[in-house]
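Numbering (the numbering used here), first residue to last: 27 to 715.
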């Protein structure tokens, strides 16, 4: 019987020890040839070795190998151990390989009735095997929408927002296709399962007060409560069976939050989620607008005082104006108000807001979020989507998605409104794709293809020219072509350095080492009786809730009272020396936030063969931790400006020379606000060395 020992993954250029174990279950000695097949990995010894295995015995064979090449994009190497002899056996396991490099992305998209030619650049420093150019072709808006559903469905985390964002668009797309008389068999087949899974998780995440937070056990959040209630109402309107008790409790929580919420943007979202209660919405709309107008007038008054104020007074006034400005309704909220005024029959008020929004547009087509603001409503893509949807009812895309799950949903729902109006149902054309004049593929579209997933063509990076390239699409026939192209690859670097765009991260490692002490830490309850009998002071200190006795005679006196008495290890900063299999390591992440942030994710990549220990999470701020095969993730609802620390522990299990890719922090809904640490390198010796 054969067994193959591999880490969960490896990083390009890692040197790893691969082990095969063969057990002889027969009653006689067997001759066997053990071999390791490891494509893409440079082994330091022959692949095969002949061994004698005694009856009932076991033989272990080690190979050291360097991850020299990369597997095809998105796949793993298959590592195979085979024992050939009287009783042959073999085992094959996948080994995912992570690229050692700096991620680089470039995107372009558009629509056309004719041929197009678009230049793009592929830097010479990109690793040839690490990616390539993906071109998507579709005859309607529904194509990009369906493509983005894949991004939402496969997002690796499952908080309240991402759960809602993963299945709500599926419902909206299905409803729109149904209204347009178009069928998508794949979506119709998969929708019930996706909806069932998503609804169950949302039901489980509901808090005792009826609201929702980012997770099931954090504080109720007005923005997330509004988002879920809005989504559940949309699902019910689309004909999906929604638990009425859950929805009723959510609506009650929304009304309760609305009655005491001071934040005008949160109140607007809570009202929008309650659109099914037109009486409630009608009663509160003018209140929100009036409060916003009062803030604007107060800001105007303070700005007039600035002209004649002293320098000291000006600083105070600037702080007050900044605080009031942060309370004002933003473009996102104003668009929701316009939609609500229209839905409640107050067309003149809706048009007045839309005229103001039109004046705010950049180039007539894009609306920005607030500068230096990092909240729920500050993503430019999502702001634009919500404004456009408001206009449709009275882009900017990156590959298959926009910036985050939440703004992708906003953009998709807006495009669905547009798709209802374009009626692009009768395409009949052919599109041929050329890169640098060479054919790269083609697609033909007929009536009935409007609601199908886009045709995707992939051009490996090795087929592109270093430097400038040209993407050409030649179109013949009737209909509009929607296209997008994304170049995604990694740039070769000797060492990945720390970078900061709003976050700074420093990663520290500590190793648990045995300590030689002249004293032993003991539980206080075991000491009181003996200490009380002594007629002289006892030399003690308190450390981590324990009394530490430094009197050797007293320690000896106490030993019979304590089972398994031993000194604890200490955590010392890891120096440049090697580690050994079995060592315990503590990772300390020091994250510096340049401003007050909301909805932060901190991810730390582990080295191959370092396994997480199940220890309580340590951090200086409230966070949720999730352990994955390749990394540890911390989710923080609110991260104030300043320095914060997160920690976890690992055990070393695989010998070799290993790399830990950088830790990173970013805003979930504004991922351009981010930062990463530098990489880290380790040498790990086997226990016998």
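Here a beta-carbon is modelled for each residue, glycine too, at the ideal position from N, C-alpha and C. This structure is a prediction, so every number in the text was calculated from the model and none was measured.
task = Report, in whole angstroms, the separation of the C-beta atoms of residue 123 and residue 44, which I expect to be a contact under 8 Å.
result = Indexing the chain shown from 1 puts residue 123 at position 97. Indexing the chain shown from 1 puts residue 44 at position 18. So it is not a contact: roughly 14 Å between Cβ atoms.
ask   = Expressed to the nearest angstrom, what Euclidean distance is found between the alpha-carbon atoms of residue 296 and residue 620?
value = In the chain shown, residue 296 corresponds to position 270, counting from 1. In the chain shown, residue 620 corresponds to position 594, counting from 1. Distance between the alpha carbons of residue 296 and residue 620 is about 30 Å.
inquiry  = In this structure, how does DSSP classify residue 56 when only helix, strand and coil are distinguished?
reply    = By 1-based counting over the chain shown, the position of residue 56 is 30. It is a strand residue.
inquiry  = For residue 363, count the other beta carbons within 10 Å of its own beta carbon; 16 or more makes it buried, fewer makes it exposed. Which is it?
reply    = As a first step, residue 363 must be located in the chain shown, where it is residue number 337. Residue 363 is buried by the Cβ-count criterion.
key: Inter-residue Cα distance where the pair is residue 18 and residue 637   = Missing from the structure shown is residue 18; the chain here goes from 27 to 715 and no further.
query = residue 310 by DSSP, collapsed to three states: which one?
reply = Indexing the chain shown from 1 puts residue 310 at position 284. In this structure, residue 310 counts as helix in the three-state DSSP scheme.
key: the stretch 655-667 in contact with the stretch 621-628 per 3-pair CB rule at 8 Å   = yes
message = Going by DSSP, what residue range makes up the beta strand (DSSP E) through residue 615?
response = Counting from one through the chain shown, the residue named residue 615 turns up at place 589. Segment 610-619, the beta strand (DSSP E) holding residue 615.
task = Could you name each continuous alpha helix (DSSP H) segment of 4 residues or more that falls completely within the stretch 208-291, going from the start of the chain to the end?
result = 211-231, 248-263 and 270-286
query = Roughly how many angstroms separate the alpha carbons of residue 228 and residue 356, rounded to a whole number?
reply = Here residue 228 refers to the residue found at position 202 of the chain shown. Here residue 356 refers to the residue found at position 330 of the chain shown. Near 28 Å, if we compare the C-alpha coordinates of residue 356 and residue 228.
Residue closest to residue 91, alpha-carbon to alpha-carbon, out of 62, 79, 41 and 32 = The residue you call residue 91 lines up with position 65 of the chain shown. Per the Cα distances, 41.
key: Distance, residue 185 Cα to residue 699 Cα   = Stepping through the chain shown from its first residue, residue 699 is reached at position 673. Stepping through the chain shown from its first residue, residue 185 is reached at position 159. Cα to Cα, the separation comes out at about 20 Å.
ask   = Counting pairs of Cβ atoms below 8 Å between the stretch 273-280 and the stretch 252-262, do you hit three or more?
value = yes
request  = Starting from residue 340, trace the alpha helix (DSSP H) both ways and give me its first and last residue.
outcome  = Counted from its first residue, the chain shown places residue 340 at position 314. It spans 337-353 - the alpha helix (DSSP H) in which residue 340 sits, taken as one unbroken run.
inquiry  = Using C-beta distances below 7 Å, list every residue in its chain close to residue 32, excluding the 5 sequence neighbours before and after it, in chain order.
reply    = Here residue 32 refers to the residue found at position 6 of the chain shown. Counting only Cβ-Cβ distances below 7 Å, and skipping sequence neighbours, we find 44, 105, 119 and 121.
request  = Express the C-alpha separation of residue 115 and residue 486 in angstroms, rounding to a whole number.
outcome  = In the chain shown, counting from the first residue as 1, residue 486 sits at position 460. In the chain shown, counting from the first residue as 1, residue 115 sits at position 89. If I take the Cα positions, the gap works out to 37 Å.
query = Does the beta-carbon of residue 521 have 16 or more other beta-carbons within 10 angstroms, so that it is buried, or is it exposed?
reply = The sequence position of residue 521 within the chain shown is 495, counting from 1. Exposed, by the Cβ-count rule.
Contained alpha helix (DSSP H) runs [length at least 4] in the stretch 658-709, N- to C-terminal order = none
message = Just to confirm, is the Cβ distance from residue 496 to residue 143 under 9 Å?
response = By one-based count along the chain shown, residue 496 stands at place 470. By one-based count along the chain shown, residue 143 stands at place 117. Yes, the Cβ-Cβ distance between residue 496 and residue 143 is below 9 Å.
query = How many whole angstroms separate the CB atoms of residue 471 and residue 505, which I take to be in contact at a CB cut-off of 8 Å?
reply = Position 445 of the chain shown, counting from 1, holds the residue named residue 471. Position 479 of the chain shown, counting from 1, holds the residue named residue 505. The pair is a contact, with the Cβ atoms about 7 Å apart (cut-off 8 Å).
request  = May I ask whether a heavy atom of the ligand GDP can be found less than 8 Å away from the beta carbon of residue 145?
outcome  = This structure lacks the ligand GDP; in fact it carries no ligand of any kind.
query = Looking only at C-alpha atoms, which of 348, 635, 263 and 366 sits nearest to residue 312?
reply = Sequence index remark: in the chain shown, residue 312 carries index 286 (1-based). Out of 348, 635, 263 and 366, 366 has the C-alpha closest to the C-alpha of residue 312.
task = Check each candidate in 670, 634, 702 and 703 and name the one with the smallest Cα separation from residue 677.
result = Numbered from its first residue, the chain shown carries residue 677 at position 651. Ranking 670, 634, 702 and 703 by Cα distance to residue 677 puts 634 first.
ask   = Between which two residues does the beta strand (DSSP E) carrying residue 64 extend?
value = The count along the chain shown starts at 1 and reaches residue 64 at position 38. Here residue 64 belongs to no beta strand (DSSP E), and DSSP marks it neither H nor E.
request  = Compute the Euclidean distance between the alpha carbons of residue 333 and residue 516, then round it to the nearest angstrom.
outcome  = For this step, residue 333 is matched to residue 307 along the chain shown. For this step, residue 516 is matched to residue 490 along the chain shown. Cα-Cα distance, rounded: 53 Å.
message = Output needed for residue 680: all residues of its chain with C-beta closer than 7 Å, excluding positions within five of it in sequence on either side, in chain order.
response = The residue given as residue 680 occupies position 654 in the chain shown. So the list reads 33, 42, 43, 634, 635 and 710, once near-sequence residues are dropped.
request  = Just the C-alpha distance for residue 217 and residue 286, rounded to the nearest angstrom, thanks.
outcome  = On the chain shown, residue 217 is found 191 positions in, with the first residue counted as 1. On the chain shown, residue 286 is found 260 positions in, with the first residue counted as 1. Approximately 38 Å between the Cα atoms of the pair.
Per-residue burial, residue 188 [other beta carbons within 10 Å of its own, 16 or more giving buried] = Locating residue 188 in the chain shown gives position 162, where the first residue counts as 1. It is buried - the Cβ of residue 188 has at least 16 other Cβ atoms within 10 Å.
query = How is residue 519 classed by DSSP in three states: helix, strand or coil?
reply = Within the chain shown, numbered from 1, the residue matching residue 519 stands at position 493. Note: residue 519 maps to coil in three-state DSSP.
ask   = Between which two residues does the beta strand (DSSP E) harbouring residue 78 extend?
value = Within the chain shown, the letter at position 52 stands for residue 78. Its beta strand (DSSP E) spans residues 74-79.
inquiry  = Which same chain residues end up closer than 7 Å to residue 598 when comparing Cβ atoms and leaving out the 5 residues on each side of it in sequence?
reply    = If you number the chain shown from 1, residue 598 lands on position 572. Only 536, 537 and 539 meet the Cβ criterion.
task = Return the CA-CA distance between residue 452 and residue 475, expressed in angstroms with no decimal places.
result = As a working note, residue 452 is residue 426 in the chain shown. As a working note, residue 475 is residue 449 in the chain shown. Approximately 8 Å between the Cα atoms of the pair.
query = For residue 533 versus residue 613, is the C-beta spacing smaller than 9 Å?
reply = On the chain shown, position 507 is the one that residue 533 refers to. On the chain shown, position 587 is the one that residue 613 refers to. For residue 533 and residue 613, yes; Cβs fall inside 9 Å.
ask   = Where does residue 95 land, buried or exposed, given buried means 16+ other C-beta within 10 angstroms?
value = Taking the chain shown and counting its residues from 1, one reaches residue 95 at position 69. Residue 95 is exposed by the Cβ-count criterion.
task = Please confirm whether residue 57 and residue 74 have their CB atoms less than 9 Å apart.
result = Working through the chain shown from its first residue, we reach residue 57 at position 31. Working through the chain shown from its first residue, we reach residue 74 at position 48. No, Cβ-Cβ distance for residue 57 and residue 74 is not below 9 Å.
inquiry  = Less than 7 Å between C-beta atoms, sequence neighbours within five positions excluded: which residues of the same chain meet that for residue 335?
reply    = One-based indexing of the chain shown puts residue 335 at position 309. These residues qualify, in order along the chain: 343.
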